[in-house]
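Chemist: In our numbering, the protein residues as written are 80 to 421.
Glycine residues also receive a C-beta, built at the ideal position from the N, C-alpha and C atoms.
Because the structure is a prediction, the values reported are computed rather than measured.
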Amino acid sequence: MAILNDLLLRTIAGQSVERPPIWLMRQAGRILPQYREVRASVNGFKALVKDTELSAVVTVQPVDELGVDAAIFFSDILVIPECMGLDYELVEKKGPLFPKVIENRKDIDQLISGEEAASKLDYVFGGVANTLELLNERVPLIGFSGAPWTLFCYMLEGQGSKTFSKAKAFLYQHPEDAEVLLDKLTDTIIAYLQLKIKAGVAVVQLFDSWAGVLDQQLYRKFMLPRIQRIKDAITEVPMIIFCKGAWFALEEIGQVGSEVIGIDWNIAPNYARKILGNDRIVQGNLDPCVLYANPKEIENHTRQMIEKWGKSHIVNLGHGVYPDTPLDNVKHFVNTVKSYRY
């Protein structure tokens, strides 16, 4: 059976489309009262992530409520460190916390990786199957993973950080050990995405949320080769690579060969198009804070963004939608895009 709304897939394939597709990073979450209801019914965020039925329900909620052109499977990037042997907690209003962090080579050697680790995430693949049943071919389903550097950051720091200085220091002080951990993460990410594809996702996205804390030299040395290896291993479905803050490596990211490049709100469309070309499929890049503005402002910013990017564009925010964003404003953003015609 063909997907009823295949606008995202046609755009990625470079086909002629009537308008840009739209979906939102973090579209399944606290902006939706339905999500808050489900979230309150379970004992913590991780319980929701591991519930194969409820994770499917919250994945589909924004398709029903917002009318977006794709669903993204509800999960967490930190399932990867967890399946490798490094457990995490999610502390309400504070974020992720690792009771134990990576400190040395011995800690790295104790981690499992690759398919041995990824196969422990049965609840994810079961959730994907349940989601596809609920979607009933209405829109494509996106699966995602954190990138090696972003996961490395949490495993070294144990929590979020403004600087990720411990993780960066490890690159300088123990480069060989850092490479071992990054390779283990890369192997696990590849196996994880391949199993998600086998479960039925139509597109995958790689999130490198903390790319911008590195400089060009470190990113070239440690991260780009691993991102390239992930892309080379994923051939069955299109890939979106989103390296937030990595404007300094946009040309190299463009050369990795992903079908889509995610763009954050700090990169101007004319700058990106000059580097990537007018036909390269890009995704983004509205500042999430625009959605706090009045409806007319939201509409103006949205239409200007679409016109600046031209065709070959998937509308999204420059990062995830913020939890306290007014739902009506999110709907207005989505509807503005859906009413646009090239």
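Report all residues from its chain with a CB closer than 6 Å to the CB of Pro213; omit the five preceding and five following residues, and keep chain order.
Modeler: Here residue 213 is taken as the residue at index 134 of the sequence shown, counted from 1. The sequence as given places Leu at residue 213; Pro does not occur at that position. Answer for Leu213: Ala135, Val139, listed in chain order.
Chemist: Helix, strand or coil: how does DSSP classify Gln296 here?
Modeler: Here residue 296 refers to the residue found at position 217 of the sequence shown. Here Gln296 sits in helix by DSSP.
Chemist: Around the C-beta of Ser418, are 16 or more other C-beta atoms found within 10 angstroms, so that it is buried, or is it exposed?
Modeler: To locate residue 418, count along the sequence shown from 1; it is residue 339. Under this definition Ser418 is an exposed residue.
Chemist: Need the endpoints of the beta strand (DSSP E) that Cys322 sits in, please.
Modeler: If you number the sequence shown from 1, residue 322 lands on position 243. Its beta strand (DSSP E) spans residues 318-322.
Chemist: Quick check on Val282: does DSSP put it in helix, strand or coil?
Modeler: The residue you call residue 282 lines up with position 203 of the sequence shown. Strand, per DSSP.
Chemist: My assumption, with CB atoms under 8 Å, is that Leu260 sits in contact with Leu297. Please give the rounded CB distance.
Modeler: As a position in the sequence shown, residue 260 is number 181, starting the count at 1. As a position in the sequence shown, residue 297 is number 218, starting the count at 1. About 15 Å; that fails the 8 Å criterion.
Chemist: Among Pro254, Pro227, Cys232, which residue has its Cα nearest to the Cα of Ile269?
Modeler: Translated into the one-based positions of the sequence shown, residue 269 becomes position 190. It is Pro227 whose Cα lies nearest to the Cα of Ile269.
Chemist: Nearest to Asp287 by alpha carbon, out of Lys275, Ala278, Ile320?
Modeler: Sequence index remark: in the sequence shown, residue 287 carries index 208 (1-based). Closest by alpha carbon: Ile320.
Chemist: Check for me: the alpha helix (DSSP H) holding Glu330 runs from which residue to which?
Modeler: Within the sequence shown, residue 330 is the residue found at index 251, counting from 1. Where Glu330 is concerned, the enclosing alpha helix (DSSP H) stretches over 329-334.
Chemist: Which residues in the same chain have their Cβ closer than 6 Å to the Cβ of Ala257, if we skip the five residues on either side of it in sequence?
Modeler: Position 178 of the sequence shown, counted from the start, is the residue given in the question as residue 257. Contacts found: Phe249, Leu250.
Chemist: Express the C-alpha separation of His253 and Val412 in angstroms, rounding to a whole number.
Modeler: Looking up residue 412 in the sequence shown gives position 333. Looking up residue 253 in the sequence shown gives position 174. The question names Val, but residue 412 is Phe in the sequence shown. Their backbone Cα atoms lie some 46 Å apart in a straight line.
Chemist: Between Ala107 and Val137, how many whole angstroms is the CB-CB distance? I'm expecting something under 8 Å.
Modeler: Your numbering for residue 107 matches position 28 in the sequence shown. Your numbering for residue 137 matches position 58 in the sequence shown. Right, their Cβ atoms sit about 5 Å apart.
Chemist: In the DSSP assignment, find the alpha helix (DSSP H) that holds Phe249 and state where it starts and stops.
Modeler: Against the sequence shown, residue 249 aligns to sequence position 170. Element bounds for Phe249: 244-252.
Chemist: How about Leu220 and Thr210: do their beta carbons lie closer than 7 Å?
Modeler: To locate residue 220, count along the sequence shown from 1; it is residue 141. To locate residue 210, count along the sequence shown from 1; it is residue 131. Yes, the pair counts as a contact, with Cβ atoms nearer than the cut-off.
Chemist: Assign Glu236 to buried or exposed, taking buried as 16 or more other Cβ atoms, counted over all protein chains shown, within 10 Å of its Cβ.
Modeler: Counting from one through the sequence shown, the residue named residue 236 turns up at place 157. Burial call: buried.
Chemist: For Gly389, which of helix, strand or coil comes out of DSSP?
Modeler: Here residue 389 corresponds to residue number 310 of the sequence shown, with the count starting at 1. Three-state result, Gly389: coil.
Chemist: Measure how close the beta-carbons of Val339 and Ile101 come, nearest whole angstrom, since I'm counting them as under 8 Å.
Modeler: As a working mapping, residue 339 is identified with position 260 in the sequence shown. As a working mapping, residue 101 is identified with position 22 in the sequence shown. With a Cβ gap of about 14 Å, Val339 and Ile101 do not count as contacting.
Chemist: Can you list the alpha helix (DSSP H) stretches of 4 or more residues lying completely in the stretch 331-367, in chain order?
Modeler: Correct list: 348-355.
Chemist: When the Cβ atoms of the stretch 177-191 are set against those of the stretch 116-130, are three or more pairs found closer than 8 Å?
Modeler: They do not touch, by the three-pair rule.
Chemist: For Gln334, is the classification buried or exposed, using 16 other Cβ atoms within 10 angstroms of its Cβ as the cut-off for buried?
Modeler: One-based indexing of the sequence shown puts residue 334 at position 255. So Gln334 counts as exposed.
Chemist: I'd like to check one pair, Ile82 with Glu216: are the Cβ atoms closer than 7 Å?
Modeler: Here residue 216 refers to the residue found at position 137 of the sequence shown. Here residue 82 refers to the residue found at position 3 of the sequence shown. Yes.
Chemist: In the DSSP assignment, find the alpha helix (DSSP H) that holds Ser134 and state where it starts and stops.
Modeler: The count along the sequence shown starts at 1 and reaches residue 134 at position 55. Where Ser134 is concerned, the enclosing alpha helix (DSSP H) stretches over 131-145.
Chemist: Can you grab the Cα-Cα spacing for the pair Ala149 / Asp143, in whole Å?
Modeler: Numbered from 1 along the sequence shown, position 70 holds the residue referred to as residue 149. Numbered from 1 along the sequence shown, position 64 holds the residue referred to as residue 143. Approximately 11 Å, taken between the alpha carbons.
Chemist: Decide if Gln383 is buried, meaning its Cβ has at least 16 other Cβ atoms within 10 Å, or exposed.
Modeler: The residue you call residue 383 lines up with position 304 of the sequence shown. Burial call: exposed.
Chemist: What did DSSP end up calling Asp256 once you bin it into helix, strand or coil?
Modeler: Position 177 of the sequence shown, counting from 1, holds the residue named residue 256. Helix, per DSSP.
Chemist: How long is the line joining the alpha carbons of Leu365 and Ala246, rounded to whole angstroms?
Modeler: By one-based count along the sequence shown, residue 365 stands at place 286. By one-based count along the sequence shown, residue 246 stands at place 167. Answer to the nearest angstrom: the Cα atoms are 29 Å apart.
Chemist: Please identify the residue among Lys263, Asp85, Ala351 whose C-alpha is closest to the C-alpha of Gln362.
Modeler: Here the question's residue 362 lines up with position 283 in the sequence shown. Ranking the options by Cα distance to Gln362, first place goes to Ala351.
Chemist: Relative to the C-alpha of Ile309, which candidate in Met163, Asp343, Gln273 has its C-alpha closest?
Modeler: Counting from one through the sequence shown, the residue named residue 309 turns up at place 230. Minimum Cα distance to Ile309 is reached at Gln273.
Chemist: Excluding the 5 residues preceding and the 5 following Leu264 in the sequence, name in chain order all residues of the same chain whose CB lies nearer than 6 Å to its CB.
Modeler: Translated into the one-based positions of the sequence shown, residue 264 becomes position 185. Excluding positions up to five away in sequence, the list reads Pro227, Leu230.
Chemist: Which residues in the same chain as Met302 place their Cβ atom closer than 6 Å to its Cβ, once the five residues preceding and following it in sequence are excluded?
Modeler: Along the sequence shown, one-based indexing puts residue 302 at 223. If we look at Met302 and ignore the five residues flanking it on each side, its Cβ neighbours are Trp228.
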